[in-house]
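Read the structure below first, then the notes.
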Amino acid sequence: MQTVKMVVTGPFSAGKTSFIRSVSEIDVVSTERKISTEAERIKETTTVAMDFGRITVDDDLVLYLFGTPGQKRFDFMWEILSEGMLGFIVTIDSTRPETFREAKGILQTFRAYAPTPYVVAANKQDMESAWSVEDLRIALKLDPAVKMLPCVASDKESVKKVLLELLYSILEEMEKK
Amino acid sequence: MLPPDDRIVMRLDLENIIIEGARRMREWEQLQEELPNLDMALDFLQRPGANIRDVNLNVEEWKVVSYINPKNTIRQIMKANKMNELEIRRIVYGLIQAGLVEVVRPAGMPLPPQARQVPAVDKRQQSSLVNRLIDRIRSL
Ligand SMILES: Nc1nc2c(ncn2[C@@H]2O[C@H](COP(=O)(O)OP(=O)(O)O)[C@@H](O)[C@H]2O)c(=O)[nH]1
Ligand SMILES: [Mg+2]
Chain A
1 MQTVKMVVTG
11 PFSAGKTSFI
21 RSVSEIDVVS
31 TERKISTEAE
41 RIKETTTVAM
51 DFGRITVDDD
61 LVLYLFGTPG
71 QKRFDFMWEI
81 LSEGMLGFIV
91 TIDSTRPETF
101 REAKGILQTF
111 RAYAPTPYVV
121 AANKQDMESA
131 WSVEDLRIAL
141 KLDPAVKMLP
151 CVASDKESVK
161 KVLLELLYSI
171 LEEMEKK
Chain B
178 MLPPDDRIVM
188 RLDLENIIIE
198 GARRMREWEQ
208 LQEELPNLDM
218 ALDFLQRPGA
228 NIRDVNLNVE
238 EWKVVSYINP
248 KNTIRQIMKA
258 NKMNELEIRR
268 IVYGLIQAGL
278 VEVVRPAGMP
288 LPPQARQVPA
298 VDKRQQSSLV
308 NRLIDRIRSL
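As they're listed, the protein sequences go chains A and B.
Just so we're aligned: the first sequence equals residues 1 to 177 in the working numbering.
Just so we're aligned: the second sequence equals residues 178 to 317 in the working numbering.
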């Protein structure tokens with residue numbers, strides 16, 4: 001029995017929960033939790049917002065989708081997230097340029113933690129004010145090799161396409177080695 | 178006249194210890210009763226109650242949740258997370274109370290311990306795994 005994970009990250013309200021909800025076979029469990037670091041002794045707290053979805057592949061394989069905003073202080077979650085992680089998806093709200101910088105920051109943090117394949121989902125492409133994928137690529141200064149896909153997180157087919165592109169990248173990466 | 182401060186502190190501490198000890202004994206007994214068999218498995222409730230959205234999970238709970246599957250026994254989840262029986266019982270009991278999971282009969286044979294969360298090692302196995310994922314996502 002194997003468990004593999006994909007992590008869906010991105011700024012607040014980018015569409016992580018919607019994305020996971022579109023394909024999960026269980027009701028997506030969403031949680032926001034203030035967690036004290038260092039066993040309660042340090043009083044500082046961090047809000048951890050997480051989503052959790054599941055896709056059963058077959059008798060021996062289950063895919064878990066974890067949604068996390070990828071805030072800076074999530075070292076303590078990383079152990080959970082990274083174990084068996086195949087790749088990650090960075091979701092972006094294409095209509096809110098004020099969040100692009102944060103999205104790029106999250107992307108870089110994840111890159112630093114996990115040298116796994118990833119794709120960028122340019123979400124909310126159904127909205128009129130959405131930036132095009134081409135413009136987003138320039139705004140985020142993304143390498144041409146990075147896959148950026150138009151996405152509507154509430155649309156299952158659209159989410160499937162993003163997941164498949166990530167899986168194709170994972171497969172390619174494996175073939176290279 | 179009031180007794181010196183340290184006397185009060187001493188008495189309260191002792192009382193607290195006794196109360197806390199009794200509380201833990203009761204908790205342990207209650208958890209044993211509620212969750213007698215660690216060789217049962219857990220699954221997510223397919224129709225979770227309305228309260229599910231309010232569930233707050235801490236890191237330890239997330240660790241348990243990430244292993245929930247009808248094929249993994251509670252004991253296996255406990256070992257995978259290096260928890261003791263009281264810890265796992267407490268967390269599982271909380272998840273059940275929250276209407277998040279239910280105890281189910283474990284499906285199929287018990288897992289060999291090394292089968293947990295270990296990504297496939299050799300290349301052929303790895304690409305087979307990814308291809309199975311691709312087929313499954315396509316069929317959604
Ligand atoms: N129009 C549109 N709205 C979306 C899309 N994805 C998410 N939303 C909406 O954006 C808001 C935030 O989405 P949510 O999934 O909660 O974002 P999260 O904070 O990243 O989990 C919600 O009101 C969603 O309904 C999309 O592709 N198109
Ligand atoms: Mg969310």
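Just so it is clear, CB atoms sit at the ideal spot from N, CA and C, and this is done for glycine as well.
Cβ distance (whole Å) where residue i is taken to contact residue j below 8 Å
{"i": "B:E251", "j": "B:V236", "result": "Per the sequence shown, the amino acid found at residue 251 of chain B is Ile instead of Glu. With a Cβ gap of about 19 Å, B:I251 and B:V236 do not count as contacting."}
{"i": "B:V242", "j": "A:F52", "result": "7 Å"}
{"i": "B:P283", "j": "B:K256", "result": "Contact flag wrong, Cβ pair sits at about 14 Å."}
{"i": "A:A121", "j": "A:L164", "result": "The Cβ separation is near 12 Å, so there is no contact."}
Residue from the options whose Cα sits closest to the Cα of residue i
{"i": "A:A14", "options": "A:T95, A:D135, A:E134 and A:E25", "result": "A:T95"}
{"i": "A:S154", "options": "A:Y168, A:D93 and A:T56", "result": "A:D93"}
{"i": "A:A145", "options": "A:Y118, A:W131, A:V7 and A:R21", "result": "A:Y118"}
{"i": "A:P97", "options": "A:L164, A:V57, A:D27 and A:W131", "result": "A:W131"}
{"i": "A:T3", "options": "B:S316, B:Q303, B:R315 and B:L317", "result": "B:Q303"}
{"i": "A:V7", "options": "A:E173, A:M127, A:F100 and A:L65", "result": "A:L65"}
{"i": "A:G87", "options": "A:E102, A:D27, A:Y168 and A:F12", "result": "A:Y168"}
{"i": "B:K300", "options": "A:L171, A:C151 and A:D59", "result": "A:L171"}
Delimiting residues of the alpha helix (DSSP H) encompassing residue i
{"i": "A:E157", "result": "K156 to K176"}
{"i": "B:N308", "result": "K300 to R315"}
{"i": "B:Y270", "result": "E262 to Q274"}
{"i": "A:T135", "result": "Sequence inspection shows Asp at residue 135 of chain A; the Thr mentioned does not correspond to that position. It spans V133 to A139 - the alpha helix (DSSP H) in which A:D135 sits, taken as one unbroken run."}
Boundaries (first-last residue) of the beta strand (DSSP E) holding residue i
{"i": "A:Q2", "result": "Q2 to T9"}
{"i": "B:V278", "result": "V278 to V281"}
{"i": "A:Y118", "result": "Y118 to N123"}
{"i": "A:T91", "result": "M85 to D93"}
8 Å Cβ cut-off: residues of chain A touching residue i
{"i": "B:N246", "result": "M1, T3 and V62"}
Neighbour list for residue i in chain B, Cβ cutoff strictly below 7 Å
{"i": "A:F52", "result": "V242"}
{"i": "A:D58", "result": "R309"}
{"i": "A:I170", "result": "V307"}
{"i": "A:K141", "result": "Going along chain B, no residue has its Cβ under 7 Å from A:K141, so there is no contact; the nearest lies around 29 Å."}
Within chain B, partners of residue i - CB distance below 9 Å
{"i": "A:I55", "result": "L310, R313, I314 and L317"}
{"i": "A:L65", "result": "By Cβ distance, chain B contributes nothing, its closest Cβ being about 11 Å from A:L65, past 9 Å."}
{"i": "A:V7", "result": "Chain B residues near A:V7: none, gap ~12 Å exceeds 9 Å."}
{"i": "A:V119", "result": "The premise fails here: A:V119 is roughly 13 Å from chain B at the closest Cβ pair, so nothing lies under 9 Å."}
Within chain A, the residues that residue i reaches when beta carbons sit closer than 9 Å
{"i": "B:L277", "result": "V29"}
{"i": "B:W205", "result": "None at all; the shortest Cβ gap to chain A is about 22 Å."}
Within chain A, partners of residue i - CB distance below 7 Å
{"i": "B:Q303", "result": "M174"}
Contacts of residue i in chain B (Cβ-Cβ under 8 Å)
{"i": "A:K160", "result": "I314, R315 and L317"}
Residue i Cβ short of 8 Å to ligand 3 heavy atom set
{"i": "A:G67", "result": "Within the structure as shown, ligand 3 is missing, the only ligands being ligand 1 and ligand 2."}
Residue i at chain E interface by Cβ criterion, 9 Å
{"i": "A:L164", "result": "Reference to chain E is not applicable here, since the protein chains of this structure are A and B."}
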